[in-house]
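Working notes, structure below.
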Amino acid sequence: MEVLVRDIIKKAEEKLKEAGVVDFAVDSWLLAEFVFKINRTGFYMDPMMTVPKERADKYMELVGIRASKIPLQHITGSQEFMGLDFKVNEDVLIPRQDTELLVENAITYIKSVKGNVDVLDMCTGSGCIAISIDRLCENAKVTAVDFSEKALVVAKENNALNKADVTFFQSDLFENVEKQYDVIVSNPPYIKTEEIESLMDEVRIHEPMMALDGDCDGLKFYKKIAKEGRQYLRSNGIIFFEIGYDQGQTVPAILEGNGYKDIKVYKDLSGNDRVVTAGKE
Ligand code: GLN
1 MEVLVRDIIK
11 KAEEKLKEAG
21 VVDFAVDSWL
31 LAEFVFKINR
41 TGFYMDPMMT
51 VPKERADKYM
61 ELVGIRASKI
71 PLQHITGSQE
81 FMGLDFKVNE
91 DVLIPRQDTE
101 LLVENAITYI
111 KSVKGNVDVL
121 DMCTGSGCIA
131 ISIDRLCENA
141 KVTAVDFSEK
151 ALVVAKENNA
161 LNKADVTFFQ
171 SDLFENVEKQ
181 YDVIVSNPPY
191 IKTEEIESLM
201 DEVRIHEPMM
211 ALDGDCDGLK
221 FYKKIAKEGR
231 QYLRSNGIIF
241 FEIGYDQGQT
251 VPAILEGNGY
261 KDIKVYKDLS
271 GNDRVVTAGK
281 E
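Following this line, the structure appears as C-alpha cells:
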C-alpha cells in the first residue's frame, strides 16, 4: 500500500506541534528527507508523490522520537556546518549556525596571512570549528583540544569523514598544550548556571552539560582562556571567541583586563553580539 507524502508530513507536523517542538514544520520536512530520500524540489514537481506504507510507518516512528524532544540531529546522526557534514551524538554540542560567524572571522584572518598559521581550537567538541578551518584554509595548521575524551572520539571521526588533518589531544584547557600558536579560537561553555533550566528540553536534557555551563556568571572559561592563553599565543597572536548574546561588554572587558589590544565585537545574523576578537599585543 502507498501513502501520500503530503498527508503523512501533515500528520507529522501536527504531532510535533502538539508535543511543543518549536520548529515542527522544518523538522517534519527534514525527517521526511532523511527517511524518504526526497527533496523539496522533487516534492513540488510531484505533489501527489507516494511512499510505501512501511516507509511511512518508519517515518512516523522517528517523528514520535522527535516528539519526545530528542534533537533532530541525534535522530539523523549529523549536522551540516560550513558546508561540511559532522557526525554528532550526546557527547558533543551540536554545531550551531551562529558559530559559522566565528569560523568565517578566523578564516578571513588566516587567509590574509602569508605563510603557515598555527591554530589552536580550545574546547573543540565535535571538531566542527577546527575541521572547517583546516579544510577551508590551505595555510592553517590546526590543533584542537577538549577536556572530554568522549568528545574527542567524535571529533577524530569527523576529521576522518571530512578528510581533514587536524591534530587532536585531550587537555583540561591548556594543561597539555606545549607550544605557542598564532591563533586561538574557542566556543567555550558560556551559559550562566541559573539559565540552564530555561534552555529547551532538546538542549538541556540531550546536549552535554559540560559544553554549556559557563558557571554562575557564564564567564569562567573566558577568564581562564584569556589569562592562561597569553603564554600560548605568539606575540602577534590573535584570539577569536564565540560569546553569548549578552556578553558583548563583559568578554571584551576580560580581554582588556588581561592586556589584549585591538578588541572587536561582531554581530550574528540576528543582530546579537556573537564574536569577539583580540590581539595579544
Ligand atoms: N549557543 C549555545 C546555546 O545557545 C551555547 C553554546 C556554548 O555554551 N558555547 O545553546
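For what it's worth, full-length UniProt numbering labels the leading residue of the sequence shown as 1, then goes sequentially.
For each residue, glycine too, the CB sits at the ideal point set by N, CA and C.
For clarity, every value in this text was computed on a predicted model and none was experimentally measured.
Just to confirm before moving on: does the CB-CB distance between residue i and residue j stay below 8 Å?
| i | j | result |
| --- | --- | --- |
| Met82 | Ser132 | yes |
| Asp121 | Ile129 | yes |
| Leu173 | Lys224 | yes |
| Gly279 | Tyr266 | no |
| Ala140 | Asp134 | yes |
| Phe240 | Ala151 | no |
| Ile238 | Val251 | no |
| Tyr59 | Ala19 | no |
| Val275 | Leu255 | no |
| Met49 | Val5 | yes |
| Ala67 | Val21 | yes |
| Gly229 | Ile184 | yes |
| Ile75 | Leu62 | yes |
| Val51 | Phe36 | yes |
| Ala32 | Ile65 | no |
| Ile205 | Lys69 | yes |
| Glu281 | Ser235 | yes |
Please classify residue i: is it buried, with 16 or more other beta-carbons within 10 angstroms of its beta-carbon, or exposed?
| i | result |
| --- | --- |
| Gln73 | buried |
| Ala144 | buried |
| Leu269 | exposed |
| Asn159 | buried |
| Glu100 | buried |
| Phe169 | exposed |
| Lys91 | First, the residue type needs correcting, since residue 91 is Asp and not Lys in the sequence shown. Asp91 comes out buried. |
| Gly42 | exposed |
| Cys216 | exposed |
| Pro189 | buried |
| Ala253 | exposed |
May I ask you to report which of helix, strand or coil DSSP gives residue i?
| i | result |
| --- | --- |
| Thr124 | coil |
| Glu232 | Reading off the sequence shown, one finds Tyr at residue 232, where the question assumed Glu. Here Tyr232 sits in helix by DSSP. |
| Lys37 | coil |
| Asp118 | strand |
| Ile94 | coil |
| Ser186 | strand |
| Ile70 | coil |
| Asp213 | strand |
| Tyr222 | helix |
| Tyr181 | strand |
| Tyr260 | coil |
| Leu173 | coil |
| residue 289 | Any question about residue 289 goes unanswered here, given that the chain covers just 1 to 281. |
| Met60 | helix |
| Met200 | coil |
| Asn162 | coil |
| residue 287 | With the chain represented from 1 up to 281, any question about residue 287 goes unanswered, as that position is not in the structure. |
| Gly42 | helix |
| Pro208 | coil |
| Glu104 | helix |
| Val153 | helix |
| Glu251 | Correcting the residue type first, residue 251 is Val in the shown sequence and not Glu. Here Val251 sits in helix by DSSP. |
| Ser270 | coil |
| Glu13 | helix |
| Glu281 | coil |
| Ser148 | coil |
Excluding sequence positions up to five away, which residues of its chain have a Cβ less than 7 Å from the Cβ of residue i?
| i | result |
| --- | --- |
| Asn272 | Tyr245 |
| Tyr94 | Reading the sequence as shown, one finds Ile at residue 94 and not Tyr. Pro71, Gln73, Gln79, Val88, Glu207, listed in sequence order. |
| Gly115 | Asn139 |
| Lys15 | Val63, Ala67 |
| Lys227 | Asn258 |
| Phe86 | Ser78, Gln79, Pro95, Ser126, Cys128, Asn158 |
| Asn187 | Thr99, Leu102, Cys123, Ile129, Glu242 |
Going by DSSP, what residues sit across from residue i in a beta bridge?
| i | result |
| --- | --- |
| Val276 | Phe241, Val265 |
| Ser78 | Lys87 |
| Thr167 | Thr143 |
| Leu4 | Thr50 |
| Ile191 | Asp213 |
Near residue i, which residues of its chain fall below 6 Å by C-beta distance, leaving aside the five closest residues on each side in sequence?
| i | result |
| --- | --- |
| Lys53 | Met1, Val3 |
| Gly248 | Val265, Asp273 |
| Leu161 | none |
| Leu136 | Ile107 |
| Val142 | Val119, Ala130, Ile133, Asp134, Val166 |
Quick one: residues in its chain with C-beta nearer than 8 Å to the C-beta of residue i, no 5 flanking neighbours on either side, listed in chain order?
| i | result |
| --- | --- |
| Ser171 | Val145, Asp146, Phe147, Val177 |
| Lys179 | Asp118, Tyr232 |
Quick one: does the C-beta of residue i sit closer than 7 Å to a heavy atom of the ligand ATP?
| i | result |
| --- | --- |
| Asp146 | The ligand content of the structure shown is limited to the ligand GLN, which means the ligand ATP is not among them. |
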